[in-house]
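Below is one structure, written out as structure tokens; the observations come after it.
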Amino acid sequence: MQKFNPIYWLLSAILLFSACQTSTREGQEGDNQYTSNTPTPKWSKDAVIYEVNIRQYTEEGTINAFAEHLPRLRELGVDILWLMPVYPIGEKNRKGTLGSYYSIKDFKNINPEFGTMEDFKSLVKKIHEMDMHIVLDWVANHTAWDHPWIEEHPEWYTKNEKGEIVAPVEDWSDVADLNYSNQEMRAAMIDALTFWVEETNIDGYRCDMAGMVPVDFWENARADIENIKPVWMLAEDEMETGLLENAFNANYAWELHHIMNDVAKGEKNALDVSGFFEKTDTLLPSGTWPLQFTTNHDENSWNGTAYERMGKAFKTMTALTFTVEGMPLIYSGQEAGLNKSLEFFEKDTIQWKKSEMTDFYKSLINLKKANPALWNGTAGGDLQSIVTNSPESIFCFARQKDDNTVIALFNLSGESVSVFFEGGPEGTFAEAGSGKNVTLPVKGELLQPWEYKIYTTQ
């Protein structure tokens, strides 16, 4: 969505903490993890996702102009392209000149500023020919104020005591809140969701503010979509883990993202990172996973660039998102060293240039794909913390899948640390990047500020 609501996210954090302490489901006993019933497409097992901001991607800001970048993205190694909303944007109560992508006035058409439906279908075909997949951003919680439903079906919207249609949140003045107690509206929304899968052959959805929409709606929608083809779905949510039981394959690791920001600023340390994984170990249903990221469209536009928020820790935190459990995200321009907060309601083209970050991301993507221990969900290995002599500064863990083991060692501080393992896997491993042989456990490895080491079985 266009901007975070502080109260909503405060409540989210409180509810997530509560869920971490008490979450149970049928078939779950004590600390045992329960299993998701959501179908998982095989192609997502080791996938890296890339968020596409069509408006800002090129000078033209069109689907066809973006399509010229597909060979480069295939070379980068990403698998899933998530396109921010491509639908016509409302004009009534519009924010800025161009408006928010998330203020939609037609769920079954393409924003004419971006191109045509034929342009989009051609893009989907090209993406599939390059062995990549495409998911669309979907906004089920609200519509633009000039969406036809406002006039044709006002009963489909939430109203105040005066009978006036209202916005879902005060700051979201450009959108009108949908009323999910209305079954006709639900059916129309599911019809729109199935339209894009059936007519354009997309591979799934990233669903905006998914937790603000009833779980049973998403479950019914997923069932209808699966009748057309297998898909992958991402919920922009962290607190409602019920979304992952029958509807979604992944959610957002918002809490870890904020912890990483705080660690980079010196306000938290490695104990907070390890503590996060301890308390969330069995929170998500088995077979699902979180989205890991250093930035996205919301963070970039409203909270500063990853460089501004994380400083010298940026590369370290990026490597962390590629090695812990979950699917890593790359936002438009990160591979070109983007260090600018892009305008959200105006034209603000990404400046593409050669950058060391291209090879940096390539190396992390290759590392993930080459090591099944780092794959997503049950295809990968569980994260097992390794105790060191400096738990306040060092976050260390192992992940193992069959005969593949990955050990990651992160100095999450601005000071040099001499590291000694207190347990963990033993033997000869290859150091990622250099390829040199290393004997573990580590005994006196000196890590510079924000330095990290990753070791893999040979």
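The working numbering puts the first residue of the sequence shown at 255, with every later residue one more than the last.
Just so you know, even glycine gets a beta-carbon here, dropped at the ideal spot from N, CA and C.
Our two residues, residue 417 and residue 411, have alpha carbons roughly 10 Å apart in a direct line. Rounded to the nearest angstrom, the Cβ distance from residue 665 to residue 647 is 6 Å, consistent with a contact under 8 Å.
For residue 575 and residue 404, the gap between their C-alpha atoms comes out near 42 Å. When 484, 516 and 365 are compared, the shortest CA-CA separation from residue 502 is found for 484. With a contact defined as Cβ atoms closer than 8 Å, residue 377 and residue 317 qualify at about 5 Å. Beta-bridge annotation (DSSP): residue 684 is paired with 691 and 710. Burial check for residue 351: the Cβ neighbour count within 10 Å stays below 16, so the residue is exposed. Taken in chain order, the unbroken stretches of alpha helix (DSSP H) that lie wholly in the stretch 566-611 and span 4 residues or more are 568-577.
In this structure, DSSP gives residue 528 a helical state, which the three-state scheme calls helix.
Ranked by Cα distance from residue 345, the options 605, 706 and 397 are led by 397.
Taking 8 Å as the cut-off, the beta carbon of residue 617 is found no closer than this to the beta carbon of residue 591. For the 8 Å CB-CB criterion, residue 571 and residue 630 do not form a contact. For residue 447, the enclosing alpha helix (DSSP H) starts and ends at 437-454. Residue range 658-665 is occupied by the beta strand (DSSP E) that includes residue 658. Here DSSP, grouped into helix, strand and coil, assigns residue 640 to coil. Residue 547 and residue 584 have their C-alpha atoms roughly 7 Å apart.
Taken through DSSP and simplified to helix, strand or coil, residue 293 comes out as coil.
A contact between stretches requires three or more CB pairs, one per stretch, nearer than 8 Å, and the stretch 486-502 meets this requirement with the stretch 456-472. Within the same chain, 474, 475 and 478 come within 7 Å of residue 444 by CB-CB distance, once the 5 residues on both sides are set aside. The beta carbon of residue 434 lies closer than 7 Å to those of 440, 467, 468 and 471 in the same chain, with the five residues before and after it left out. Uninterrupted beta strand (DSSP E) stretches at least 3 residues long and entirely within the stretch 290-360 occur at 303-306 and 334-337, given in chain order. Each of 491, 505, 451 and 463 was checked against the Cα of residue 480, and the nearest Cα belongs to 451. The count of Cβ pairs closer than 8 Å, one atom from the stretch 649-656 and one from the stretch 539-556, stays below three, leaving the stretches out of contact. In the DSSP assignment, residue 475 falls within the unbroken alpha helix (DSSP H) covering 469-480. With contact defined as three or more Cβ pairs closer than 8 Å, the stretch 529-540 and the stretch 321-331 are not in contact. Our two residues, residue 363 and residue 342, have alpha carbons roughly 7 Å apart in a direct line. The residue among 298, 634, 614 and 641 with its C-alpha nearest the C-alpha of residue 528 is 641. In chain order, 335, 337, 378, 381, 456 and 457 place their CB closer than 7 Å to the CB of residue 388, counting only its own chain and leaving out the 5 sequence neighbours on each side. In terms of CA proximity to residue 428, 357 leads the group 612, 595, 684 and 357. Under the DSSP definition of a beta bridge, residue 544 partners with 505. Exposed is the label assigned to residue 624, since fewer than 16 other Cβ atoms lie within 10 Å of its Cβ.
The bridge partners DSSP lists for residue 700 are 672.
Take residue 568, set aside five residues on each side of it, and the residues of its chain with a beta-carbon closer than 8 Å to its own are 518, 548, 560 and 561, in chain order. C-alpha of residue 701 to C-alpha of residue 539: approximately 35 Å in a straight line. In the structure shown, the three-state DSSP call for residue 677 is coil. Residue 301 and residue 611 have their C-alpha atoms roughly 19 Å apart.
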